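Order-wise, the sequence lines are chains G and H.
The first sequence begins at 1 in UniProt numbering and counts up by one.
The second sequence begins at 1 in UniProt numbering and counts up by one.
Even glycine gets a Cβ: it sits at the ideal position worked out from N, Cα and C.
These numbers were taken from a predicted model, which means no experiment stands behind them.
Protein chains: 2
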Amino acid sequence: MTYSIGEVAKKLNLSIPTLRYYDREGLIPFVERTDNGTRVFKESDIDLLKVIQCLKPSGMTIKDIKTFIEWCSDGDSTLQQRYDLFLEQKAVVEKQMEELKNTMDLIDHKCHYYKVALEAGTENVHKNNKIGNTVFD
Amino acid sequence: MTYSIGEVAKKLNLSIPTLRYYDREGLIPFVERTDNGTRVFKESDIDLLKVIQCLKPSGMTIKDIKTFIEWCSDGDSTLQQRYDLFLEQKAVVEKQMEELKNTMDLIDHKCHYYKVALEAGTENVHKNNKIGNTVFD
DNA sequence: TTAGTATATAAAGTTAACTTTAGGTCAAAT
DNA sequence: ATTTGACCTAAAGTTAACTTTATATACTAA
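Following this line, the structure appears as structure tokens:
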């Protein structure tokens with residue numbers, strides 16, 4: 001089973017120009033072409049795009065991903081580099097998860113703060129009976 | 001206790017130009033100035049900067065944050081908006097946490113994949129005895 | 001045969017969030 | 001008295017990741 005660029009775009013919820021951009025940047029070097037130059041995506045190309053989509057939210061750049069793809073093409077001599085890359089990325093994601101947890105705690109605090117303020121009709125409920133809290137509590 | 005821009009930069013691990021940029025963008029409107037124009041940061045300004053730093057990793061933009069700061073200055077009439085903002089942001093962060101979990105699962109899979117490959121000396125350990133797995137397993 | 005639809009490329013434009021550069025003020029130390 | 005170091009502004013530059021625009025080709029249905 002193969003897919004056109006439009007089909008892949010729909011399937012993965014990416015725009016067609018984004019897919020062409022990824023191709024230009026060397027992220028999907030195994031996509032084939034018809035005689036007149038139209039891209040033909042295989043399942044394995046889609047799998048790779050899914051990996052890319054999964055790696056992106058962790059802040060891995062297009063360039064980093066390209067490097068990884070190149071290493072894949074280079075075979076067993078790059079196994080250590082690829083392993084190291086993912087170990088590093090694991091650390092990055094762990095840090096992000098912590099940060100996101102802190103953000104969530106702040107947001108929960110804010111939600112509670114504004115819920116109470118709304119019920120009272122004024123933010124002052126948080127100011128009265130308290131000393132030393134800041135404007136941005 | 002007050003702080004110079006350089007002290008705040010060190011304390012919060014932000015660059016001086018970034019702090020000036022935030023000021024220009026209206027993110028820290030309560031920072032005062034000396035007669036000759038030098039910024040003077042109070043504890044409450046630093047608290048606000050910490051809130052900003054906490055909100056940023058969740059993808060909240062400078063513009064969104066500015067809107068929030070403006071609402072804060074507008075008083076009780078914006079309580080609902082502020083509450084809604086944080087409810088929305090909560091949903092955003094929840095989604096991000098899920099995505100990050102997926103990313104982490106993929107990374108763990110890759111780490112294991114490359115660990116095994118390294119021990120065997122070749123990626124082929126994953127190809128032999130198996131049918132239908134992709135190049136990017 | 002012509003209108004519509006999907007594809008292609010190259011190159012320019014966009015946006016966010018900074019950073020860098022250039023030029024200037026001011027107080028303290030040498 | 002001048003040099004050093006920290007501060008200031010305005011404006012231009014940077015980078016990533018796309019998006020948009022302009023132009024062209026190719027198949028497909030009426």
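According to DSSP, is residue i part of a helix, a strand, or is it coil?
i        : result
G/Thr2   : strand
G/Phe86  : helix
H/Lys42  : strand
G/Asn124 : helix
G/Leu27  : coil
If we count the other Cβ atoms within 10 Å of its Cβ and call it buried at 16 or more, is residue i buried or exposed?
i        : result
H/Ile16  : exposed
G/Ser58  : buried
G/Lys7   : The question names Lys, but residue 7 of chain G is Glu in the sequence shown. Exposed.
H/Thr103 : buried
H/Lys101 : exposed
G/Glu123 : buried
G/Thr78  : buried
G/Val51  : buried
G/Tyr21  : exposed
G/Val116 : exposed
G/Lys110 : buried
G/Met60  : buried
In the DSSP assignment, what are the bridge partners of residue i?
i       : result
G/Glu99 : For G/Glu99, which the question treats as bridged, DSSP gives no partner whatsoever.
G/Glu32 : G/Val40
Tell me which residue opens and which closes the alpha helix (DSSP H) that residue i is part of.
i       : result
H/Leu19 : 16-24
H/Ser73 : 62-74
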